[in-house]
Every structure is written in C-alpha cells, then in structure tokens.
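Letter 14 of the sequence shown, counting from 1, is numbered 14 in the UniProt record's numbering, and no numbers are missing. C-beta: ideal position from N, C-alpha, C; glycine also. From a predicted model like this one, the values you see are computed outputs, not experimental measurements.
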Amino acid sequence: MKVNKVIPLIRIFDEAKAVEFYVNWLGFTIDWTHQFETNFPLYIQVSKEGIVLHLTEHHGDCTPGGKVFIDCVGLTEYHAELIEKNYRFNRPGLEEAPWNAITMEVSDPFGNKLLFNESKE
1 MKVNKVIPLI
11 RIFDEAKAVE
21 FYVNWLGFTI
31 DWTHQFETNF
41 PLYIQVSKEG
51 IVLHLTEHHG
61 DCTPGGKVFI
71 DCVGLTEYHA
81 ELIEKNYRFN
91 RPGLEEAPWN
101 AITMEVSDPF
111 GNKLLFNESK
121 E
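Set out below in structure tokens:
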C-alpha cells in the first residue's frame with residue numbers, strides 16, 4: 001500500500017463561525033465547497049501550507065470533539081501571527097512538550113482541537 005494523503009474530517013455546525021476561525025484567524029484557504037442543495041449540510045475543504053482539512057456539517061461523517069496533530073516548522077512565528085490578530089475567542093500559548101517539542105493547541109467553536117507540534121531536534 002502507498003498512502004497519497006490523509007485528510008481529517010472535522011465536524012462543524014455553522015459556516016460563518018467556521019470561516020471566521022479557520023480562514024480569517026488561522027489563515028486557511030477555502031479550496032472548494034459542496035452542498036447537495038439549499039438548506040442541506042455543507043462540506044468544505046480548507047488548506048494551508050500542506051495541511052488539508054475537510055469541514056463537514058453532515059452529522060454522520062464524524063463527531064465533534066476530535067483532535068488533529070499537525071507536525072510543522074515555524075510554529076513560534078505562526079503563533080506570533082495569530083496573537084497579533086487579537087482573535088477574541090482564542091489566545092493560545094506555546095508549551096514545552098515532554099517529547100522535546102514546542103506545541104500550540106487551538107480549539108475551534110465546535111469543540112475540535114488542532115495541536116501544532118514543532119520538534120526541537
């Protein structure tokens with residue numbers, strides 16, 4: 001088997017709140033959206049620098065409260081960018097992890113978490 005890509009699904013409930021968090025604050029780009037028809041659940045792909053997420057309103061896709069581990073480089077600079085935006089609902093800190101890394105965890109408006117991790121090695 002050869003894996004080409006892994007894309008986590010993240011449960012959302014409100015398009016405007018999802019855009020405010022993932023696009024306006026975290027800096028993701030909306031790649032595409034899908035909706036079978038008006039007033040049906042929305043499905044959105046967002047991406048940023050190699051991270052691809054599927055945000056879904058479909059209740060059967062996944063449950064809220066998941067966590068995505070994102071291994072990255074440049075976390076201190078990204079953290080500074082986020083703090084500078086002064087987002088009123090989230091002001092994450094940087095933490096020293098016991099596995100010799102710096103981490104930053106952010107929680108979205110729907111109870112999901114993104115854990116950014118930069119190894120010190």
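With respect to the C-alpha of Tyr87, the residue from Gly60, Pro109, Glu15, Ser47 having the closest C-alpha is Pro109. For Leu114, the uninterrupted beta strand (DSSP E) run begins and ends at 113–119, by DSSP.
Fully enclosed alpha helix (DSSP H) runs of no fewer than 4 residues occupy 15–18, 75–84 of the stretch 12–93, in order along the chain.
For Ile102, the enclosing beta strand (DSSP E) covers residues 101–107.
Approximately 18 Å separates the beta-carbon atoms of Glu84 and Ile102; this is outside 8 Å, ruling out the contact. Cβ-Cβ separation between Ile51 and Thr33: approximately 18 Å, too far for a contact (criterion under 8 Å).
Three or more beta-carbon pairs separated by less than 8 Å link the stretch 16–29 to the stretch 46–63, which places the two stretches in contact. The residue from Cys72, Val23, Glu121, Pro92 with its alpha-carbon nearest to that of Glu105 is Pro92.
Ile7 sits in coil when the DSSP states are folded into three classes, being neither helix nor strand. For Glu37 and Glu15, the gap between their C-alpha atoms comes out near 15 Å. An exposed status is given to Ile7, since fewer than 16 other beta-carbon atoms sit within 10 Å of its beta-carbon.
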